[in-house]
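Trainee: Got a structure for you, written out below as structure tokens; questions coming shortly.
In the working numbering, the protein residues as written are 5 to 268.
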């Protein structure tokens, strides 16, 4: 199925509105684009409804300024390994709040999953984002919508809008589509072996897991995040029981599991 440029523009109206809202503050264009790329990744791959909320924020709202600051800082960190400015001591509270309050998404998530987030955010930056940021394409789309509203017989979109949307390169890896994120309370961490035994023995899924990685505990904090790569996408979907996110009880301890959906 061929996806046209106008369809991508139409499907990402919320991202466009959020982008224009951020620029109206005013904000440096590169900062606004970094922030939108990070938010697009969270929404496209994790299923959070973020961009409509950002687009509706008042220009003089402190939360809007904080979202932009945090998203730009996170984008810079995952792609380049440093923060353009020091992050707030309490982490990234606005991004965390937009993503459900810290069940999965908080500052340690980005540190542990940095390589994976970087692959996805780079993909967004190089494929989808240039359309979201393109003023000329959206002007053409508005003219086409205007012609349709006037009930002009058989209005024809500009050729640029009818061009196919083609992803010519990808930074994702085959294992991304077989991956789930796991998170558990810091005071009740789970080991890789406990997670493996739960899926393969307790749930009776058999030899289904390729590898498991969890955070390393240190003197000041216990592991909270992990990643599980299944042997196939079908095995992953079986483990998720067809759900987008699932709570499991593993030996009396909570484990939150959410699949990763690569952008392309």
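Ideal placement from N, C-alpha and C gives every residue a C-beta, glycine not left out.
What would DSSP say about residue 258, mapped onto helix, strand or coil?
Mentor: DSSP places residue 258 in strand when its eight states are reduced to three.
Trainee: Return the residue from the list 30, 163, 45 that minimises the CA-CA distance to residue 264.
Mentor: Closest by alpha carbon: 45.
Trainee: State the CB to CB distance for the pair residue 42 and residue 22, rounded to an integer number of angstroms; the pair is presumed to be in contact (CB under 8 Å).
Mentor: Not quite, the Cβ-Cβ distance comes to about 11 Å (not below 8 Å), so this is no contact.
Trainee: Only counting the same chain, and skipping five residues up and downstream in sequence, which positions put a Cβ closer than 6 Å to that of residue 75?
Mentor: Counting only Cβ-Cβ distances below 6 Å, and skipping sequence neighbours, we find 39, 42, 43.
Trainee: Closer than 6 Å by C-beta to residue 48: which residues in its own chain qualify, once you throw out the five before and the five after it? Chain order, please.
Mentor: Same-chain partners within the cutoff: 267.
Trainee: Inspect the CB distances between the region 11-28 and the region 59-72 and report whether three or more fall short of 8 Å.
Mentor: Touching, yes, given that three or more Cβ pairs across the two stretches are closer than 8 Å.
Trainee: Indicate the three-state DSSP secondary structure (helix, strand or coil) for residue 178 in the structure shown.
Mentor: In this structure, residue 178 counts as helix in the three-state DSSP scheme.
Trainee: So is residue 96 buried or exposed if we call it buried at 16+ other beta carbons inside 10 Å?
Mentor: So residue 96 ends up on the buried side.
Trainee: Should residue 193 go down as buried or exposed, given a rule of 16 or more other Cβ atoms within 10 Å for buried?
Mentor: Burial call: buried.
Trainee: Between residue 67 and residue 103, what straight-line distance do the alpha-carbon atoms span, to the nearest angstrom?
Mentor: If you take the alpha carbons of residue 67 and residue 103, they lie about 14 Å apart.
Trainee: How is residue 221 classed by DSSP in three states: helix, strand or coil?
Mentor: Reduced to three states, the DSSP call for residue 221 is coil.
Trainee: Please tell me whether residue 269 and residue 161 are closer than 7 Å, where the distance is taken between their beta carbons.
Mentor: Any question about residue 269 goes unanswered here, given that the chain covers just 5 to 268.
Trainee: Quickly, what does DSSP pair residue 159 with across the bridge? List them, please.
Mentor: Answer is none; residue 159 lacks a bridge partner.
Trainee: What did DSSP end up calling residue 263 once you bin it into helix, strand or coil?
Mentor: Looking at residue 263 - three-state DSSP - the assignment turns out to be strand.
Trainee: When you compare only the Cα positions, how much space is there between residue 234 and residue 258?
Mentor: In a straight line, the C-alpha of residue 234 is about 20 Å away from that of residue 258.
Trainee: Would you kindly report the start and end of the unbroken beta strand (DSSP E) that includes residue 234?
Mentor: 229-234 is the extent of the beta strand (DSSP E) around residue 234.
Trainee: Mind checking who residue 3 pairs with in its DSSP beta bridge?
Mentor: This structure leaves residue 3 out entirely; the chain is present only between 5 and 268.
Trainee: Does residue 111 pass the burial test, meaning 16 or more other C-beta atoms within 10 Å, or should it be called exposed?
Mentor: It is buried - the Cβ of residue 111 has at least 16 other Cβ atoms within 10 Å.
Trainee: Would you say residue 12 and residue 113 are within 7 Å of each other, going by their C-beta atoms?
Mentor: No, the pair does not count as a contact, with Cβ atoms beyond the cut-off.
Trainee: Starting from the Cα of residue 247, find the closest Cα among 210, 184, 209 and give me that residue.
Mentor: Ranking the options by Cα distance to residue 247, first place goes to 184.
Trainee: Tell me, which residues are paired with residue 213 by DSSP?
Mentor: For residue 213, which the question treats as bridged, DSSP gives the partners 234.
Trainee: Rounded to whole angstroms, what's the CA-CA distance from residue 208 to residue 80? Just pull it up for me.
Mentor: Taking the straight line from one Cα to the other gives about 42 Å.
Trainee: Is the distance from the Cβ of residue 19 to the Cβ of residue 83 below 7 Å?
Mentor: No, Cβ-Cβ distance for residue 19 and residue 83 is not below 7 Å.
Trainee: Alpha carbon to alpha carbon, how far is residue 101 from residue 149? Give it in angstroms, no decimals.
Mentor: Approximately 35 Å, taken between the alpha carbons.
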